Ligand code: EPZ
């Protein structure tokens with residue numbers, strides 16, 4: 250088990266290079282199941298979740314190798330169609346293999362993901378959509394058992410614009426007979442990146458990035474060869490880290506257009522942000538001003554940045570109201586921030602943050618990926634030393650986090666215990 254030891258008080262200054270997006274990579278890896286061949290993805294981050302998905306594909310009979318951000322996956326000879334509980338419970342995005350397996354092989358068995366730290370996270374919308382496409386689904390012993398002849402194109406309305414639900418159904422529809430329309434679809438950049446990749450494989454998808462995605466089924470697809478988009482949440486996390494330390498940095502290898510809501514809110518707090526094609530310049534000279542946020546589906550303020558923004562507001566001038574509308578339990582970081590002296594009151598899905606002049610370092614426990622990032626951000630500005638335990642949560646979604654932060658002046662080290 251690793252832990253991070255951080256001594257606060259250093260200004261972050263310099264350049265930070267952003268890695269490929271975890272949440273774009275995972276569906277792209279699942280998409281390789283749609284075509285039994287060798288596939289190649291570039292700009293792939295070396296993350297725990299990427300290896301979890303790689304291991305899942307390997308249990309199905311695929312082979313994968315990740316070297317210098319290039320991911321090769323060979324799905325020519327699958328021999329298994331079951332995603333086991335041991336893997337699925339560590340990463341709910343495993344459910345993304347369901348759509349492709351059903352579409353290509355007509356059968357799949359995927360463990361129900363079970364809850365996770367941030368909520369129950371059901372997959373009813375994934376399953377209802379697949380049933381509408383003609384998939385027979387039974388639930389047995391905690392597993393979703395699915396089988397189908399050729400999927401049928403149909404109209405699907407999503408009650409909630411679920412990101413992986415949209416991705417699962419879009420992948421399934423690529424090989425269906427006829428056209429599928431997904432209404433109230435998720436519009437995240439990762440959905441658009443997946444649609445672009447599928448179209449390069451020979452799929453016929455229109456409307457990705459809007460509420461209505463239309464997929465005209467085809468007989469078969471070609472191998473995937475695609476570049477993963479930059480990780481907008483990693484970028485936003487580092488921008489917030491620079492801001493809280495009143496530093497100055499150039500964030501490189503990023504798509505600013507994917508971060509508009511976060512940039513707007515950070516500017517509201519007084520952070521100076523300038524954007525170019527693939528760079529973001531960030532600088533903060535003073536204590537941030539309080540600002541309210543409400544998490545929303547893209548292009549609204551991303552739930553994956555709520556915890557990090559709360560860390561910044563913990564030292565802001567004034568009181569901020571933070572509303573979490575996507576997940577029912579995404580305030581696990583509050584108790585830990587309070588241990589550092591933050592003044593936060595939670596009532597239901599709303600947190601009231603009264604900014605403090607100073608936070609104090611403390612021994613902390615990471616609970617989920619983005620909560621861990623929030624603790625690191627707070628530790629960078631807290632007085633004294635902070636220890637963050639269970640760093641494996643961070644390793645799921647942040648590539649070389651201590652190296653990237655140390656390179657811009659943070660006093661941070663990883664120790665094995
Ligand atoms: C994706 O999760 C992301 N993960 C999450 O990022 C992100 O927080 C989330 O979208 C919201 O933006 C990946 O892309 C791999 P949802 P996903 O389905 O698809 C409810 C991170 O930190 N819902 O859009 O699982 C659900 O409970 C992770 O990188 C149903 O009720 O999220 C939630 O309240 C964390 N039924 C809401 O919809 C369903 O069938 C949004 O969930 C599906 C979802």
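Numbering (the working numbering), first residue to last: 250 to 666. We treat Cβ as the ideally placed atom computed from N, Cα and C, and that holds for glycine. The model shown is predicted, which means the values in this text are computed figures rather than measured ones.
The Cβ atoms of residue 483 and residue 268 sit closer than 8 Å to each other. Annotated as proximal: residue 336 and residue 305, with beta-carbon spacing under 8 Å. Secondary structure of residue 357 (DSSP, three-state): strand.
When only Cα atoms are considered, residue 406 and residue 460 end up about 10 Å apart. For residue 342, DSSP records no beta bridge to any residue. Shortest Cα-Cα distance from residue 342 to any of 378, 411, 355, 323 involves 411. For residue 437, the secondary structure class from DSSP, reduced to helix, strand or coil, is coil. The C-alpha of residue 601 is placed about 17 Å away from the C-alpha of residue 620. Proximity of the beta carbon of residue 371 to the ligand EPZ is indicated: a heavy atom of the ligand is located closer than 7 Å. Beta-bridge annotation (DSSP): residue 396 is paired with 356, 385. Here residue 641 carries a helix assignment [DSSP, helix/strand/coil].
Per DSSP, residue 302 has no beta bridge partner at all. Assigned with DSSP and collapsed to three states, residue 324 falls in coil, not helix or strand. Below 8 Å, enough C-beta pairs join the region 286-298 and the region 470-477 to call them touching: three or more. With a cut-off of 7 Å, the C-beta of residue 530 is classified as distant from the ligand EPZ, since no heavy atom of the ligand falls inside that distance. Annotated as proximal: residue 355 and residue 397, with beta-carbon spacing under 8 Å. According to the DSSP assignment, residue 619 belongs to the alpha helix (DSSP H) that extends over 618-630.
Secondary structure in the region 450-493: the alpha helix (DSSP H) runs of 4 residues or longer, each lying completely within the stretch, are 481-493 in chain order. Pairing residue 425 with residue 402 gives a Cβ-Cβ distance under 8 Å. Following the DSSP letters along the chain, one finds residue 417 inside the alpha helix (DSSP H) bounded by residues 412-422. Counting along the chain, the unbroken beta strand (DSSP E) around residue 601 starts and ends at 599-603. In the DSSP assignment, the residues bridged to residue 251 are 665. The shortest C-alpha to C-alpha distance from residue 540 to any of 532, 255, 555, 518 is the one to 518. Between the alpha carbons of residue 548 and residue 284 lies a gap of roughly 31 Å. Membership of residue 293 in any beta strand (DSSP E) is not indicated, and neither H nor E is assigned to it by DSSP. Non-local beta-carbon contacts of residue 465 in its own chain, meaning distances under 7 Å to residues more than five positions away in sequence, involve 428, 453 in chain order.
Within the region 523-582, the beta strand (DSSP E) runs of at least 3 residues that lie entirely inside it are, in chain order, 528-532, 568-572. Burial state of residue 593 is buried, judged by a 10 Å Cβ sphere holding 16 or more other Cβ atoms. Following the DSSP letters along the chain, one finds residue 334 inside the alpha helix (DSSP H) bounded by residues 334-337.
The way I'd put it, the region 646-662 doesn't touch the region 521-531; fewer than three beta-carbon pairs between them come closer than 8 Å. Residue 379 is not a Cβ neighbour of residue 423, given a cutoff of 8 Å. Taking non-hydrogen atoms of the ligand EPZ into account, the C-beta of residue 435 is found less than 7 Å away from one of them. The beta carbons of residue 640 and residue 338 sit no closer together than 8 Å.
The residue among 381, 260, 296, 259 with its C-alpha nearest the C-alpha of residue 275 is 296.
The region 349-363 makes contact with the region 386-396: 3 or more CB pairs, one atom from each, lie closer than 8 Å.
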